[in-house]
Each structure stands twice: as C-alpha cells, then as structure tokens.
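Asker:
Numbering (this note's numbering), first residue to last: 36 to 265.
(1) Does DSSP put residue 7 in a helix, in a strand, or in coil?
(2) Output needed for residue 74: all residues of its chain with C-beta closer than 8 Å, excluding positions within five of it in sequence on either side, in chain order.
(3) By DSSP, does residue 192 sit in helix, in strand, or in coil?
(4) Can you pull the DSSP bridge partners for residue 137?
(5) Where does residue 82 fall in DSSP's three states?
(6) Do you know how far the Cα of residue 77 is from the Cα of residue 71?
(7) Sorted by chain position, which residues of the same chain lie with C-beta nearer than 8 Å to residue 103's C-beta, five sequence neighbours on each side aside?
(8) Which of helix, strand or coil does DSSP assign to residue 157?
(9) Can you check whether the CB of residue 127 is closer than 8 Å to the CB of residue 271?
(10) How big is the Cα-Cα spacing for residue 148 and residue 220?
(11) Can you give the Cα-Cα distance for residue 217 and residue 114, rounded to whole angstroms?
(12) Between residue 198 and residue 164, which are expected to be in contact by the criterion C-beta below 8 Å, what is the C-beta distance as a whole number of angstroms?
(13) Sorted by chain position, which residues of the same chain lie with C-beta nearer than 8 Å to residue 130's C-beta, five sequence neighbours on each side aside?
(14) Figure out for me which residue from 133, 243, 121 and 53 has the closest Cα to the Cα of residue 153.
(15) Do residue 137 and residue 125 have their C-beta atoms closer together than 8 Å?
(16) Using 8 Å for Cβ pairs, my map puts residue 118 next to residue 146. What's the rounded Cβ distance?
(17) Looking only at its own chain, which residues have a Cβ that is under 8 Å from the Cβ of residue 61, when we skip the five neighbours before and after it?
(18) On a Cα-Cα basis, can you pick out the residue from 224, 55 and 201 that is closest to residue 83?
(19) Hey, is residue 192's beta-carbon within less than 8 Å of any beta-carbon in chain C?
Below you can see the structure in the form of structure tokens.
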C-alpha cells in the first residue's frame with residue numbers, strides 16, 4: 036500500500052513538473068506564424084463562397100510567408116467533439132502550433148472541450164454562435180463572416196454553427212493534448228476511426244514540419260561555418 040501511494044505521489048509530482056516546464060517553454064518560444072498576420076489574412080479572405088474564401092486564405096498565407104516552409108494536408112478529416120460534428124483540414128501543424136479549416140456541413144451544436152492552447156478563429160462563411168455558461172454570467176455571442184473570436188486555454192464554450200459555416204483557426208499551445216477531447220468525442224459519436232485518421236494526419240504533418248525546420252537550421256549553420264572557414 037505504501038509503495039502504491041509513493042508511486043502515485045511520484046507520478047503526480049512528475050506531471051506537475053512537466054506541466055510547468057511545458058508552460059514555461061510555451062511562454063518564451065518563438066512561433067512561425069504571427070497572430071496579427073493571421074487575423075489580417077483571414078478577415079480579407081472571408082466571403083459568401085467557401086471555395087473562394089479557402090483559396091484566397093491559402094494564397095495570401097503563402098504570399099505573406101514566402102520562403103517559409105508551411106506543410107499541411109489537403110484532406111478533410113471528420114471531427115466529433117462535445118457533440119459538434121465537423122470536418123477539419125490541417126493547413127499547418129507542429130506540436131505547438133496548428134492552423135486549421137473547420138466546416139459544418141449541417142447545423143451542429145456542442146461543447147468545444149478543454150484544450151491546452153490559445154486559439155483565434157475567423158468566420159470565413161456562415162455564422163457561429165457561442166454560449167458562455169460560466170457561473171458568474173450567461174453570454175451569447177454571434178459571429179458572422181469576417182468576424183474574429185478568441186478561446187483561451189482550458190476555456191470551454193458551447194458553439195452553434197449554421198449549415199455551411201467555415202472557420203479558420205490558429206492555435207498556440209501544447210496541441211497533442213487536444214487528442215483527449217477529440218478521442219472522447221469520436222468514441223461518443225461511434226467513430227473511433229475518424230479520430231485515428233485525424234491524429235495520424237496531425238502527427239504526419241507535425242513531423243514533416245519539424246523535419247523541414249531542422250533541415251533549414253542545419254543548412255543555415257552549415258553556410259555560416261563554410262563562410263567562416265573561407
């Protein structure tokens with residue numbers, strides 16, 4: 036019994052230490068996408084047509100970050116989370132950043148779940164309604180095409196998306212932690228394969244972006260060393 040208690044206490048201490056170390060790293064690390072650039076590009080891309088809005092966002096993003104490697108995946112993945120039934124496309128992802136399109140094929144309502152990330156979203160098409168059900172106040176917010184909203188880390192809201200609504204969201208934080216609400220939501224919806232597909236796609240894109248970053252750093256320092264030797 037004492038051994039089990041000691042082991043449990045040790046694991047709790049390790050989790051607390053890991054949580055604080057990751058939090059410290061997130062506060063001081065440099066990110067590849069600027070939040071103000073995202074908001075400007077997203078607001079300019081908003082329109083009544085989803086295809087043109089998505090296309091404009093992607094082209095403006097590439098033009099703004101020309102010379103930067105931003106690897107994504109063009110496939111749409113099912114996303115079931117807190118009752119929300121959406122489709123998600125990864126534009127860019129690393130363990131600490133994620134840029135995504137989310138689309139509602141039909142009206143859907145549900146809870147966002149808790150995420151270890153700060154997220155900023157812009158409505159490209161349609162309408163998104165957000166309900167805050169905190170103990171202190173009940174607030175209903177409505178966001179239409181071109182409008183922006185923010186969700187802080189470990190905050191939870193009830194969202195209502197109208198049919199045909201498309202969002203583009205940029206998140207900073209410990210993105211792998213979002214696997215918890217994604218997995219639980221998919222299991223509740225009876226679609227564990229959907230979650231597996233999304234997690235696989237995220238993992239693949241994340242590793243590809245990290246590999247590209249390490250390769251760029253290697254060539255950068257290799258060039259510096261070569262110039263120094265000459």
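Every residue gets a Cβ at the ideal spot worked out from N, C-alpha and C, and that includes glycine.
Here the structure is a predicted model, which is why all the values come from computation and not from measurement.
Answerer: For this structure:
(1) Outside the displayed range of the chain (36 to 265) lies residue 7, so it cannot be described from this structure.
(2) 155, 157 and 183
(3) coil
(4) 123 and 202
(5) coil
(6) 10 Å
(7) 67
(8) strand
(9) For residue 271 there is no data in the structure shown, the boundaries of the chain being 36 and 265.
(10) 9 Å
(11) 7 Å
(12) With 8 Å as the limit, residue 198 and residue 164 do not qualify as a contact, their Cβ atoms being about 13 Å apart.
(13) 209, 210, 211, 241 and 245
(14) 133
(15) no
(16) 6 Å
(17) 131, 207, 208 and 209
(18) 201
(19) You won't find chain C in this structure, because it holds only one protein chain.
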